[in-house]
Amino acid sequence: MKDNPEQVEHIYREKTDKRILKKNPWRDYRLHGTVLILVVIAELIGTQKIPITEDVAITIMPLIYTIVLGLAFYLAKPITWIGRKQARIAEGAMMLFIGVLIAKLAVSSGQSIHLIFTMGPALILQEVGHLATILVLPIALFLGFKEEAIGMTNSIGREPNVAVVVDRYGFNSPESRGVFAIFIIGTVIGTIFISFLVTLSLSFLPLHPYAFAMASGVGSASMNAAAIGPTLAAFPGMESQIEAFAGFSNLLSFCVGIYIVIFIALPLTERMYRWLEPKIGKDSITKKEED
Amino acid sequence: MVELIDEPVDVSTHGVFNWILLLTIFSVITVIGNFIGYGHPLADSFIGMGILALITLIGVWLERKLPLDISSIIYISVIGIFIAFPGVPTSETVLYYVSKVELLSIVTVFLAYVGIGMGKSWDEFKALGWRAIIVTMLVIASTYFGSAIVAHIVLVMTGVPA
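Protein chains in written order, with our numbering: chain A, 873 to 1163; chain B, 21 to 182.
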């Protein structure tokens, strides 16, 4: 049971490998040129603060401009030089570039290695906090999902979680359909959503700066990146500690998080589903989605 | 050469060459962004990116060459932590140059690729309906708050000053 999810992960890795090892992805000057232009535009605009009330402001950082503009460039009809081919290369290249991001976090972690000894308990226990996704199960049932809800709410639904669910329930099961839905929606809105979520939480929740840093390691490199941004901006002078905790926590999500899903989250979600579904389940809405 | 697509991928010299060129492009774009956004000197931050790119290259190469079933993320983290470890001879040089590259500069470039790459999922995304979107947002929010609140409670209980 432990080997199979990893095999599914490898299928994903091989798919991206094919894109960047067989073709010559560096030759796509349209893609890289566009990225350079997006980055220059984003850095020139810089961080903007939009005040909502007197002491609450939404911070919009350059990283939001590049992700939104990147998507807009792909979708915009007049921009013909960014198409499916460029998106495939970008996706493959992304898998390599995650490494650079992780390397930067690792260097900050190494520099602050003494912190892991004092903060060890918090770092490990916050991984258990990710189980809070199961609380969304009743809402998913209330909205009319059936077994899909198990796939949707057992975890944040990133690549390793998809692999675990597919392995357990089979590719064509409703549970897998649920986790795929979360995966796709998370891919499109997750990064932007978490950036706003973190910005607002920083203003409204009086939590420990390190707690915000640790929470940003949610198990997806791009969401992790988007969550660290506002946190770094909110606590100037604590950059290396915040980067270190985000790095440690992200690393833990990779090594420990997956086993929490397999051994705790999934069995717990199933049990809760069996208990709650007869009580609050609605008529299924998933037989051919609405409209 | 065209029909090789479904063969298992072998990391050839050509493949490593592709990785190196991609990482070089990524480094150049990041260094330019890092200069515009933060004013860090071009030469120093380019060396910093070179160090990070080299760690990445070794990590992804080890993942595919060693028979162990370990993700490149783990190799990269271990190498990165080790060379910056206080007391290790490389530590000071690495810290000096890598500190010239802001994490946010890397993230900004990385997310530009993510933005273009996720465009592919747009049609599937639109087909899923608003109910699934609500559930996804709640799932992301709960995982974030769950972990932040647990971390906060443990930090306060163990008496870590803010």
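For glycine and all other residues, C-beta sits at the position ideal for the given N, C-alpha and C.
TODO: Check the Cβ of F1043(A) against every Cβ in chain B and list those closer than 7 Å, keeping chain order.
DONE: Neighbours of F1043(A) in chain B, taken as residues whose beta carbon is under 7 Å from its own, are absent, since the nearest beta carbon is some 16 Å off.
- [ ] Just the C-alpha distance for A1097(A) and K1154(A), rounded to the nearest angstrom, thanks.
- [x] Straight across, the Cα-Cα distance linking A1097(A) with K1154(A) is about 37 Å.
TODO: Please confirm whether F1101(A) and L935(A) have their CB atoms less than 9 Å apart.
DONE: Note that residue 1101(A) is Gly in the sequence shown, not Phe. Yes; because the gap between Cβ atoms is below 9 Å, this pair is in contact.
- [ ] List the whole-angstrom C-beta distance separating A1116(A) from L987(A), where the pair is believed to meet the contact cut-off of C-beta under 8 Å.
- [x] About 6 Å separates the beta carbon of A1116(A) from that of L987(A), a gap short enough to meet the 8 Å contact definition.
Task: E144(B): contacting residues in chain A (beta-carbon distance under 7 Å) - done: Near E144(B) (Cβ distances below 7 Å), the residues of chain A are I1056.
TODO: Please report the Cβ distance between H904(A) and I45(B), rounded to the nearest whole angstrom; I am assuming they are in contact, meaning their Cβ atoms lie under 8 Å.
DONE: Between I45(B) and H904(A) the Cβ distance is about 5 Å, and since that is below 8 Å, they are a contact.
Task: With 16 other Cβ atoms within 10 Å as the buried cut-off, status of N1044(A) - done: By the C-beta density criterion, N1044(A) is exposed, having fewer than 16 other C-beta atoms within 10 angstroms.
- [ ] Taking only beta carbons into account, state which residues of the stretch 128-140 of chain B come closer than 9 Å to chain A, listed in chain order.
- [x] In summary, the residues of the stretch 128-140 of chain B whose CB is separated from some CB of chain A by less than 9 Å are T128, V129, F130, L131, A132, Y133, V134, G135, I136, G137, M138, G139 and K140, in the order they occur in the chain.
- [ ] Give the straight-line distance between the Cα atoms of E122(B) and G1089(A), rounded to the nearest whole angstrom.
- [x] Answer to the nearest angstrom: the Cα atoms are 18 Å apart.
Task: 4 or more residues per run - each alpha helix (DSSP H) lying fully within the stretch 1042-1129 of chain A - done: Qualifying alpha helix (DSSP H) stretches, in chain order: 1046-1057, 1063-1076, 1081-1087, 1093-1106 and 1111-1124.
TODO: Can you say whether R960(A) is buried or exposed, counting buried as having 16 or more other CB atoms within 10 angstroms of its CB?
DONE: Buried, because 16 or more other Cβ atoms sit within 10 Å of the Cβ of R960(A).
- [ ] Work out the CA separation of F130(B) and F969(A) for me, nearest whole Å.
- [x] Cα to Cα, F969(A) sits roughly 7 Å from F130(B).
Task: Simplified DSSP assignment, three categories, for K921(A) - done: Strand at K921(A).
- [ ] Flag this pair as yes or no: are the beta carbons of I1057(A) and T163(B) separated by less than 9 Å?
- [x] Against a cut-off of 9 Å, the Cβ pair of T163(B) and I1057(A) comes out as no contact.
Task: Where T931(A) falls: helix, strand or coil (DSSP) - done: In the structure shown, T931(A) sits in a strand (DSSP, three-state: E or B).
Open item on the list: Can you tell me where the alpha helix (DSSP H) holding T990(A) begins and where it ends?
Closed with: Membership of T990(A) in the alpha helix (DSSP H) is indicated by the continuous run H986 to G1001.
Open item on the list: Can you give me the C-alpha to C-alpha distance between P61(B) and S119(B), rounded to a whole angstrom?
Closed with: Rounded to the nearest angstrom, the two C-alpha atoms are 11 Å apart.
Open item on the list: Quick check: the stretch 66-74 of chain B against the stretch 129-143 of chain B, are at least 3 beta-carbon pairs closer than 8 Å?
Closed with: Fewer than three Cβ pairs drawn from the stretch 129-143 of chain B and the stretch 66-74 of chain B lie within less than 8 Å of each other, which leaves the two stretches out of contact.
Open item on the list: Can you pull the chain A neighbours of V180(B), defined as C-beta to C-beta under 8 Å?
Closed with: Neighbours of V180(B) in chain A, taken as residues at a C-beta separation under 8 Å, are given in chain order as T990, M991, A994, H1080 and Y1082.
TODO: Could you tell me whether the Cβ atoms of L1124(A) and V1037(A) are closer together than 9 Å?
DONE: Cβ distance not < 9 Å, so L1124(A) and V1037(A) don't count as in contact.
Open item on the list: Measuring only the C-alpha atoms, how far is S111(B) from L977(A)?
Closed with: Spanning the two alpha carbons is a distance of roughly 15 Å.
Open item on the list: If you reduce the DSSP assignment to three classes, tell me which class A948(A) lands in.
Closed with: DSSP places A948(A) in coil when its eight states are reduced to three.
- [ ] Assuming G982(A) and I40(B) form a contact by the criterion Cβ under 8 Å, report the distance between their Cβ atoms to the nearest whole angstrom.
- [x] Cβ-Cβ separation between G982(A) and I40(B): approximately 24 Å, too far for a contact (criterion under 8 Å).
- [ ] Drop a sphere of 10 angstroms on the beta-carbon of A168(B), count the other beta-carbons inside from all chains shown, and report buried for 16 or more, exposed for fewer.
- [x] So A168(B) ends up on the buried side.
Task: DSSP three-state assignment for F1017(A), whether helix, strand or coil - done: Coil at F1017(A), not helix or strand.
Task: Anticipated Cβ contact below 8 Å, A104(B) with A994(A), distance rounded - done: In this structure, A104(B) and A994(A) do not form a Cβ contact; the two beta carbons are roughly 22 Å apart against a cut-off of 8 Å.
Task: Chain-ordered neighbours of N896(A) on chain D, where CB pairs are closer than 7 Å - done: Given the protein chain composition of this structure (A and B), no chain D is represented.
Task: V108(B), buried or exposed, once every other Cβ within 10 Å from all chains shown has been counted against 16 - done: By the beta-carbon neighbour count (other beta carbons within 10 angstroms, threshold 16), V108(B) is exposed.
Open item on the list: Just to confirm my understanding: we take P28(B), look at its own chain, exclude 5 residues before and 5 after, and list those with CB closer than 6 Å. What are they?
Closed with: Residue placement at P28(B) is flagged as unreliable, the pLDDT there being 44, under the threshold of 50; the coordinate-derived value follows with that caveat. Hits under 6 Å: none found.
Task: Touch test, the stretch 83-97 of chain B against the stretch 1064-1082 of chain A, Cβ-Cβ under 8 Å, three pairs minimum - done: Verdict: no, contact absent.
Task: E1031(A) to L1013(A) span [Cα, whole Å] - done: Computed Cα separation, rounded: 24 Å.
Task: Spatially closest choice to F1120(A) from I932(A), Q998(A) and R956(A), by CA coordinates - done: For F1120(A), the nearest C-alpha among the options comes from Q998(A).
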